[in-house]
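Just below is one structure, and these are the notes that go with it.
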Amino acid sequence: MVTSCLVLLLLSVQWSWAQEDPLLPFSEHLDPEHKVRLKWGFDEIQGTILFELTVNTNGWVGFGFSPKGGMTGADVVIGGIGPDGIYFKDYHADGNSMPKVDQQQNYKLLSLTESDGKSVMRFQRSIDSCDKDDLPITDLPMKLIYAYGQTDDITYHSNQRGTKELNLLKYMPHVNPPNSSFFDITMVNFTVPAKQTHYHCKIMKAPTFGSKQHIYRIEPVIENFDIVHHLLLYSCPPTVTEPQEAECYTGVDGECMEVIAVWGVGGGAFEFPEVAGLPIGGNVGDLFYRLEVHYNNPNKSAGRVDNSGLRFHHTPELRRHDAAVLMTGLAVAPGYAIPPKAQSFLTYGMCDTANIPKVLETTHDLQVFSAMLHTHLAGRKVRVGHFRGGEQIDLLVADENYDFEYQEVTNFGKTKTVKLGDRLLVECTYNTENRDTLTWGGFSTTDEMCLAFLFYYPAMNLSGCSSFPDSKSLQSAMGAADITSWLNIMFTRTWDDTTINEYQQTLKSIDQYITVVNSLNNASSYKGTLPDLKVIPPAPCISGCVTRSLAALSLLTSLTVQWACF
Numbered sequence: 000m001v002t003s004c005l006v007l008l009l010l011s012v013q014w015s016w017a018q019e020d021p022l023l024p025f026s027e028h029l030d031p032e033h034k035v036r037l038k039w040g041f042d043e044i045q046g047t048i049l050f051e052l053t054v055n056t057n058g059w060v061g062f063g064f065s066p067k068g069g070m071t072g073a074d075v076v077i078g079g080i081g082p083d084g085i086y087f088k089d090y091h092a093d094g095n096s097m098p099k100v101d102q103q104q105n106y107k108l109l110s111l112t113e114s115d116g117k118s119v120m121r122f123q124r125s126i127d128s129c130d131k132d133d134l135p136i137t138d139l140p141m142k143l144i145y146a147y148g149q150t151d152d153i154t155y156h157s158n159q160r161g162t163k164e165l166n167l168l169k170y171m172p173h174v175n176p177p178n179s180s181f182f183d184i185t186m187v188n189f190t191v192p193a194k195q196t197h198y199h200c201k202i203m204k205a206p207t208f209g210s211k212q213h214i215y216r217i218e219p220v221i222e223n224f225d226i227v228h229h230l231l232l233y234s235c236p237p238t239v240t241e242p243q244e245a246e247c248y249t250g251v252d253g254e255c256m257e258v259i260a261v262w263g264v265g266g267g268a269f270e271f272p273e274v275a276g277l278p279i280g281g282n283v284g285d286l287f288y289r290l291e292v293h294y295n296n297p298n299k300s301a302g303r304v305d306n307s308g309l310r311f312h313h314t315p316e317l318r319r320h321d322a323a324v325l326m327t328g329l330a331v332a333p334g335y336a337i338p339p340k341a342q343s344f345l346t347y348g349m350c351d352t353a354n355i356p357k358v359l360e361t362t363h364d365l366q367v368f369s370a371m372l373h374t375h376l377a378g379r380k381v382r383v384g385h386f387r388g389g390e391q392i393d394l395l396v397a398d399e400n401y402d403f404e405y406q407e408v409t410n411f412g413k414t415k416t417v418k419l420g421d422r423l424l425v426e427c428t429y430n431t432e433n434r435d436t437l438t439w440g441g442f443s444t445t446d447e448m449c450l451a452f453l454f455y456y457p458a459m460n461l462s463g464c465s466s467f468p469d470s471k472s473l474q475s476a477m478g479a480a481d482i483t484s485w486l487n488i489m490f491t492r493t494w495d496d497t498t499i500n501e502y503q504q505t506l507k508s509i510d511q512y513i514t515v516v517n518s519l520n521n522a523s524s525y526k527g528t529l530p531d532l533k534v535i536p537p538a539p540c541i542s543g544c545v546t547r548s549l550a551a552l553s554l555l556t557s558l559t560v561q562w563a564c565f
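Numbering (numbering that gives the first Met the number 0), first residue to last: 0 to 565.
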């Protein structure tokens, strides 16, 4: 059968989808014989999900969602290229019979090709259900169904069908490359102090490898889930040359600030995308690393011994890019206070990537694929706004129902490009209605943070990109002559809705110190102001209206198209 293609725009060239497609970062074979492959990506902010189904056939192909894995109640699409051209429709099934065409078509076909015995169907839909015949895509495992035929006669599929359960919106790949191995970086028989909060740090070398390798999976090794709150692994600069173990931020450990890995309570294993991995060995083999464990011991239990840490799976088969982690948000420093009795108090921290070339000679755009958002007990929401040219273009990531007890690295549904010069604004929402005193920024569980750890590639030698309100501007705006009088104002003020809102607006409007720091702890900082963050509404339900090509697609040839609705 000749190759045909359905397109949605006037194109002068044929699209060639490379293996590294930022819109389709996830992939699974749906059948044991690897004849049916599904790629997908999604945008939770816009509320859309994109699929590409590849099947070893020149006949019809079908794909959908089922409540129990069978046809009853299934929401499916069927497509192919027949003698009269391309066909593609949205169906629903009442039982083990031919599905019925939906009155409202809510899947949009983007392209469909047949070549070399393979059919490739690329289509899009809304994440939520748009009518009674569609099933919503949730963040729980769902039963995916597929079927196909060897011709375009859509009849019974015989044994060319199957079911596979996947969590499309919370997908975590699990690969096992050949020659892979792992090593652990953990505390060793550490006796946790009998106090509510303790940060313990251990500086050590990782195992030595003769050549560079890539870490492709990181998983927690937690011995005491009730007291281990979060773990961080940092890379140290070359000036750190000796192992050390002590309470954090009491010595040389403060020099090791480039985040390599992060885990939070409630999280699990994290796997990097197939195109990227964390570098270890080779020219980075002589570096020291700092493991930081935050122990939250509210009962002040004595005599607890802990061996928690992280496990790193690595392979000598290098991936296309080195990956890295960039810590962004509100700098953790003294002098930041959240008032009591606040139902919804907003704080902000900004990363200005225009500063990056001031601390690095070699720079490039960031391809961001995952994030971990972090506050403490009072946090309720975290959003990361993405700004370009002075305008907000997206929400990079958002958690509208932040839970202190459930912190994990979340894969984006697609890789997002942060261009040099873009700004990232981290907004955190806190609730302090049950508190009678000020909540300060700091390391204790009862203190607060507002951070976003962004996983990206290709790696740059960066450790942080954050901001902090200018203390003198804040004091002046609140009528304080110095830090002492400002503290007096903060401690003696009657905090109600009016004074809380005034203070929030003051914090947002004054000058901020906006800073970027490289791996050697060289920093560049300037005074600037914060932009306004908007909540981006989700896109409306996708329509089944598509563009049908009326002429054969040829390379470097303009196409005549007309709009039609199936």
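We put the CB at the ideal spot given by N, CA and C, even for glycine.
Here DSSP, grouped into helix, strand and coil, assigns Q474 to helix. Spanning the alpha carbons of G389 and L419 requires a straight line of approximately 13 Å. Residue pairing by DSSP places V35 opposite V54 in a beta bridge. Between T414 and S307, the CB-CB gap reaches or exceeds 8 Å. Spanning the alpha carbons of D510 and F467 requires a straight line of approximately 9 Å. If you check the CB distance, N296 and V191 come in under 8 Å. By the 16-neighbour rule on beta-carbons within 10 angstroms, V304 is exposed.
Listed in chain order, the non-local C-beta contacts of T162 below 6 Å within the same chain comprise G68, K142, I144, local neighbours out to five positions each way being set aside. Contact between the region 193 to 205 and the region 242 to 258 is present: three or more C-beta pairs spanning the two stretches fall below 8 Å.
Taking 3 residues as the minimum length, the beta strand (DSSP E) runs contained wholly in the region 394 to 481 are 409 to 417, 422 to 429, 449 to 456, 461 to 468, in order along the chain. Judged by beta-carbon spacing, T409 lies beyond the 8 Å limit of A451, meaning their Cβ atoms are not closer than that value. Counting the other Cβ atoms within 10 Å of the Cβ of V516 gives 16 or more, which makes it buried. By the Cβ-count criterion, E51 is buried, with 16 or more other Cβ atoms from all chains shown falling within 10 Å of its own Cβ. Non-local beta-carbon contacts of T196 in its own chain, meaning distances under 8 Å to residues more than five positions away in sequence, involve H293, Y294, N295, N296, F442, S443, T444, T445 in chain order. Under the three-state reduction of DSSP output, I488 falls in the helix class. In this structure H33 is exposed. Its beta-carbon is surrounded by fewer than 16 other beta-carbon atoms within 10 angstroms. Measuring C-alpha to C-alpha distances from R422 to each of T498, A458, Y347, W485 identifies Y347 as the nearest. Approximately 6 Å separates the beta-carbon atoms of V264 and Q406; this is inside 8 Å, confirming the contact.
Rounded to whole angstroms, the gap between the alpha carbons of G72 and A522 is 58 Å.
Per DSSP, K340 lies in no beta strand (DSSP E) and is assigned neither H nor E. Apart from sequence neighbours up to five positions away, the residues of its chain that approach R382 with a beta-carbon distance below 7 Å are L394, A397, E426, L532, ordered along the chain.
With a 10 Å radius around the Cβ and a threshold of 16 neighbouring Cβ atoms, K38 comes out buried. Nearest neighbour of Q474 by Cα position, chosen from Y455, A260, L506, M448, turns out to be L506. In the DSSP assignment, Y86 falls within the unbroken beta strand (DSSP E) covering 84 to 91. Spatial neighbours of D138 in its own chain (CB-CB distance under 6 Å, excluding positions within 5 residues in sequence) are listed in chain order as L168, K169. Of the candidates V119, M477, G46, P278, G46 places its Cα closest to the Cα of P536. N487 places its beta carbon 8 Å or farther from that of L359. Contact check for V261 and R319: beta-carbon distance about 23 Å, past the 8 Å limit, so the pair fails to qualify. Under the criterion of beta carbons closer than 8 Å, I541 and Q123 qualify as touching, at roughly 6 Å. Residue pairing of Y106 in beta bridges, as defined by DSSP: R124. Every beta strand (DSSP E) of 3 residues or more that sits fully in the region 197 to 231 is shown, in chain order, as 212 to 220. Taking every protein chain shown into account, the CB of H173 has fewer than 16 other CB atoms within 10 angstroms, so this residue is exposed.
Taking G116 as reference, the option from S110, S96, Q149 with the minimal CA-CA separation is Q149.
It is roughly 19 Å from the alpha-carbon of T514 to the alpha-carbon of H373. One alpha carbon belongs to G209, the other to I279, and they sit about 10 Å apart. Ranked by Cα distance from A341, the options F189, L134, S465, T498 are led by T498.
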